[in-house]
Amino acid sequence: MDLQLALIFLQQGIASGLVSGSVYALLALAIVIIFKTSDVPNFAQGEVFMAAGYVALYLFVFQQMPIWVVLPATLLAAFLAMALFRRVVLDQVAKSAKDLVYLVIATLGLSYVLKGLVRRTGFGDTPRSFPALVPTDSVMIGQASVTLLDLAIFGTAVAVMAAFFWMFNYTKTGRAMRAVGMNPKAAQLVGVDLRRCHMLIWGLSGVISAIAALLISPKILMTADMGSIVMLAFAAAIVGGFSSLPGAVVGGFIIGIVENMVGLFISSRAIVLAPFLAILIVLVLRPQGLFGGKLTIKKV
Amino acid sequence: MKTNGIVRGLTLAGGLLMGLAAGAQEPGVTDKAIKIGIFGPLSGQNMAYGFDVVNAAKMYYDKINKDGGIHGRKIEYVVEDDRCNANDLVAAVKKLVEQENVFMLNGGSCSAAVVAAKDYIVRNKVPYLMLNASGDGALFPPTDYIFGAFSISQYAVGGAMVEFAAKSLGAKTVAYINHDDAYGAWNLEGSKKDAEVNGVKLVVESVNPTINDVTAPFLKLRAANPDAILLVTYARPAALLIKKAAELGFNKPIILSVTGTASLNQLVGNVGKDALKNFYTQEVMIDSPGGDKLKPIYDMYKAAYPDLAAKPDHPQTYMPYGIPPAMSLVKALQDAGPNPTREKVLAALKTQDFDSGVMAGRLQFGPQQRAANRSTIFIKYDGTTMAPLPGVFTSRWTYEAK
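Chains as they are written, first to last, in this note's numbering: chain P, 794 to 1093; chain L, 386 to 787.
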C-alpha cells in the first residue's frame, strides 16, 4: 500500500469511525448511567434501541405522521417503556430476590420480549431503511468523504451527550442521580426519592437509546436483530471504564475508529473482532478502563 | 400332538411368508397411491422463503393426479411445518418417516435447517429431494439419498456472476464481496474456476453478515480499481454496500447475487433509485418473477389458490421454485417404473437431466453431482423496470472429492 493511499484510508477511517463511534458512545452512555446507579448491566439496551427505531418507522413510514410528532412520540415511548419496566418489573424482582443477578436476568427477558414483539409485527422480517431526515450528499473533509447525514449524526450525538453532562453536573435532578450512584442510602437520607430517581434514570437511558436509533437507522438497515450493535456499546463502556460517563463517550469513539482502522489496514474479516480485541487489551493493561479511576477490590 | 405340531409349523411358515411380503412392500406405496412427505416454513419469520413454494409443489402434484397419476398411482402428500428451524425440521422429517411412513421426502427452504436432517435421512435411506434450499452442506460430499439445489448451489452463485461480468461486461478485474462464513467460502471456491478460465482477477473482501459500517471493505475494493463489483452477500450487507458505493460516487457496474435480496422493491426503498444507475441482479429462473415466460406457473397458482392470489403479498417471490423439485420427483417415480422401490428412484435421480422451463438452465444430477442448478440469467434494474439480458450464465464448478 502506497503512502498516498494509506493517508486516504487513515482520514476516511477516522471520519467514518467518529460518526459510527458517536452512536456507540450514546448507547454506552445509556448503559453506564444505569450501571452506575443500579449496578445492573442492562442487556436489553440494544433491543430498546431497536424497538424505538421500529416505533419511529411505524409512525413515520406506515402511519405517515409528521416528523415533529414522530420524534417526541418515539422519545416519550422509550422513556415510558423503560421507566415502567424499572417500576413494575425490576422493583418487583428486587423485592422478591435480593441478588442482583435476577435483575440482570430480567433485562435479558426484556430483550427477548422486545425482539419477539417486533418480529410479531412482521416489520422486522426484511431489512428496512428509516428515511434520512438530512440529505445524503457527500462533502469532502480533507481526503475523506462524508455525507451531510454523517455530519448531522455526529453533531447531534455530541450535542445530546453535552446536554446530558450538563444535566448530571449542573441540575438538582442530575446531582440527585449522581448521589444515588455513589451511595443510595445516604441519598435517601437526604431526601432523594430513590424510586422516582431510578425510574427517571431508566427512562432517560431509553431516551438516549431512542436518539441513537433515530440517528443511525437511516445509515444501517433496520432488522429485528439490529440491537446486536449494543455489543459495541458494551465494548465502548468497558474500554472507557464502566463507571465513567466521559469514559463511555471516549470508548465509543475509540471503538468506532478501531473498527475502521482494523478493516482498512488489517482485514475486513477482523472488523467484528476488533472491539473484543480492544476489550481484552484494556482489561489486561488497565482493568478499570481508560477513565475508570482507581481499581477497587470489594471484600466479600 | 402331531396334528398340533403341523398346525404350528404351518402357522409359523405362514407368518414368515407374510413377514417377508410385508418387508418387500415399499413404505408409503400401495396399489393406488404413493405417499410423500412435504415440509417447509409455513409459519414464522422465514415463511416468505417457503410457504408458497410448498403451495407450488402441491399444485404440481395435484395436476399430476388430475392427469392420471404415475403408473396408475396418485401422489398422496402429507405436509409439515419446519419453520426454517433445524429442530423443527428434523422433528418434521422424523414424523413423516416414522409415523406417516412416507416413500420419499420433498421439502426444505432454508439451507442451515436442512443440513441438520442429513444424518437421519442417510441413516434411514430415505430418498430426499429439497425444495428451494440450496443445502450444499447436505449435498456435498455426495450421498446416495440427498438431492437438491434446484434454485442454485451456493458453489455456483459466484461463478455464474464472474462469467456474466467477464462475458457481458468485459470485466478483467472484479471486486468480489462475500461473507466470512461457510457460504462465503463455498461461493468463492466455486468462482475461482470461472475467474481462471475468463482471465479475470478477483479482488476479494469477506465481511461478517452483521457488519454495520462497510466503509473499510468498500474503500479497499475501490482502491483496486475494479471493472465491476460482485455482491455475494445477504440482503442487509448488500444494501449497505450499494448505499456506500453511491455515497462515494462509485459508478462502475454493481452485480447483486440472487441471495442479495428477496424483494427488489424493498431494495429500492432502502438504497434509493440513484444508487441503481448501473445495477444488475442475478436470477435463477428463466425470467424475472412474474415475467412472461413464467406466466403459466402464475396462472396455475391463481387457479389453484384463488383466495391466496387475491392477497397483495401472494404469490410470494419464490413461489415458482416449488415446481422444479416436484417435477424431478415425478420424473424419478415415472422412470422407476410401475413397481417403484427407493433404490430404483435413487438410481433414476442419479442420471436425471431435464429442462424444467422454470429455472434458467437444465437441471442435472450425476454420479457425484447432487446440486441440480448451476445456471442463472441477469437482469438490468434501474429501480423501476427490470430488463432481462440475453444469455444464460453457468458456473463451471463441479464437485471434486478431496
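C-beta: ideal position from N, C-alpha, C; glycine also.
At a cut-off of 8 Å, the C-beta of P:THR1016 has a neighbouring C-beta in chain L. With a beta-carbon spacing of about 21 Å, L:ALA631 and P:ILE1064 fall beyond the 8 Å limit used to define contacts. For L:LYS586, the beta-bridge partners assigned by DSSP are L:THR558. Less than 8 Å separates the beta-carbon of L:GLY544 from that of L:ARG781. For L:LEU748, the beta-bridge partners assigned by DSSP are L:PHE739. Going by beta carbons, L:PRO705 and L:ALA441 fall inside the 8 Å limit. For L:ILE460, the three-state secondary structure derived from DSSP is strand. For the segment 578-610 of chain L, the set of positions with a beta-carbon nearer than 8 Å to some beta-carbon of chain P reads GLU590, SER591, VAL592, ASN593, THR595, ILE596, ASN597, ASP598, THR600, ALA601, PRO602, LEU604, LYS605, ALA608 in chain order.
Residues of chain L whose Cβ lies closer than 7 Å to the Cβ of P:ILE1004 do not exist; the shortest such Cβ separation is about 17 Å. Bounds of any alpha helix (DSSP H) do not take in P:PHE1084, whose DSSP letter is neither H nor E. The segment 1024-1041 of chain P and the segment 851-868 of chain P do not touch, with fewer than three beta-carbon pairs separated by less than 8 Å. Looking at L:GLY413, L:ALA477, L:GLU483, the one whose alpha-carbon comes closest to that of L:GLU461 is L:GLY413.
Non-local C-beta neighbours of P:ILE1013 in its own chain, meaning closer than 8 Å and more than five positions away in sequence, comprise MET1019, ILE1022, ordered along the chain. Taken through DSSP and simplified to helix, strand or coil, P:TYR847 comes out as helix.
Linking L:LEU734 to L:LYS503 through their CA atoms gives a straight-line distance of about 17 Å. Collapsing the DSSP output to three states places L:VAL499 in a helix.
L:MET712 and L:PHE488 have their C-alpha atoms some 16 Å from each other. For L:GLU632, the enclosing alpha helix (DSSP H) has its first and last residue at 620-632.
Restricting attention to L:LYS448, L:TYR540, L:ASP473, L:PHE750, the CA atom closest to the CA of L:VAL617 is found in L:TYR540. By the criterion of at least three beta-carbon pairs nearer than 8 Å, the segment 511-530 of chain L is in contact with the segment 494-502 of chain L. Sixteen is the threshold: since fewer than 16 other Cβ atoms of the shown chains lie within 10 Å of the Cβ of P:GLY915, the residue is exposed. Of all residues in the segment 968-998 of chain P, none has a C-beta nearer than 9 Å to a C-beta of chain L. Neighbours of L:GLY654 across chain P, judged by C-beta separation under 8 Å: ARG921, SER922.
According to the DSSP assignment, L:GLN667 belongs to the beta strand (DSSP E) that extends over 664-668. Beyond the five residues adjoining it in sequence on each side, L:TYR683 comes within less than 7 Å, by CB distance, of GLY675, PRO700 in the same chain, given in chain order. Under the three-state reduction of DSSP output, L:PHE778 falls in the strand class. Assigned with DSSP and collapsed to three states, L:THR770 falls in coil, not helix or strand.
In the structure shown, P:THR940 adopts extended strand secondary structure according to DSSP, grouped into three states. Non-local beta-carbon contacts of P:VAL985 in its own chain, meaning distances under 7 Å to residues more than five positions away in sequence, involve ALA969, ALA972, VAL973 in chain order.
When C-alpha distances from L:LYS586 are compared across L:ASN593, L:ALA560, L:ASN597, the shortest belongs to L:ALA560. Unbroken beta strand (DSSP E) stretches of 3 residues or longer found wholly inside the segment 430-480 of chain L: 459-466, given in chain order. Take L:VAL599, set aside five residues on each side of it, and the residues of its chain with a beta-carbon closer than 8 Å to its own are VAL592, PRO622, LEU625, LEU626, LYS629, in chain order.
Interface residue (Cβ-Cβ distance to chain L less than 8 Å): P:GLN805 is classified as such.
For L:ASP447, the closest Cβ of chain P is not nearer than 8 Å. In the displayed model, P:SER1021 falls within a helix according to three-state DSSP.
DSSP, reduced to helix, strand and coil, places P:ARG921 within a strand of the structure shown.
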